[in-house]
Amino acid sequence: MLVGEISLTGKSPTVGVEEFMCDTIIKLEQYERAEGYTLRLVVLKNRVAGHSRAYYEISITDKGLEVLAPFKP
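With my numbering, letter number 23 in the sequence shown gets 23, and the count goes up by one each step, no holes.
Here it is in structure tokens:
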């Protein structure tokens, strides 16, 4: 597993090595709504299988990460 970080401005502090090295890239982010922040994810890259390019709402619980439903802004 390789973990990278994207700044709040959206610019990556790295030169793209992660994208070359990894088979799968999953982006996790907070989305601001009137009632607060929502966590969401999107699969940006997956070399071994087809995947949806949609965002999904997620929740982090005692059992781990739960994918809830397609994200609606």
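Here a beta-carbon is modelled for each residue, glycine too, at the ideal position from N, C-alpha and C. Nothing here was measured: the structure is a model prediction, and the numbers come from that model.
Whole-Å CB distance - Ile-25 paired with Glu-19, under 8 angstroms assumed = About 7 angstroms separates the CB atoms of Ile-25 and Glu-19; that is less than 8 angstroms, so the two are in contact.
Smallest Cα separation from Phe-71: which of Leu-39, Met-21, Glu-35?
-> Comparing Cα positions, the closest option is Leu-39.
Looking at the unbroken beta strand (DSSP E) that takes in Arg-33, where does it start and where does it end?
-> Its beta strand (DSSP E) spans residues 24 to 33.
Rounded to whole angstroms, how far is the Cβ of Val-67 from the Cβ of Tyr-56, which I believe are closer than 8 angstroms?
-> At roughly 5 angstroms, the Cβ-Cβ gap stays under 8 angstroms, so Val-67 and Tyr-56 are in contact.
Figure out for me which residue from Ile-60, Lys-27, Glu-35 has the closest Cα to the Cα of Val-43.
-> Of the residues Ile-60, Lys-27, Glu-35, the one whose Cα lies closest to the Cα of Val-43 is Lys-27.
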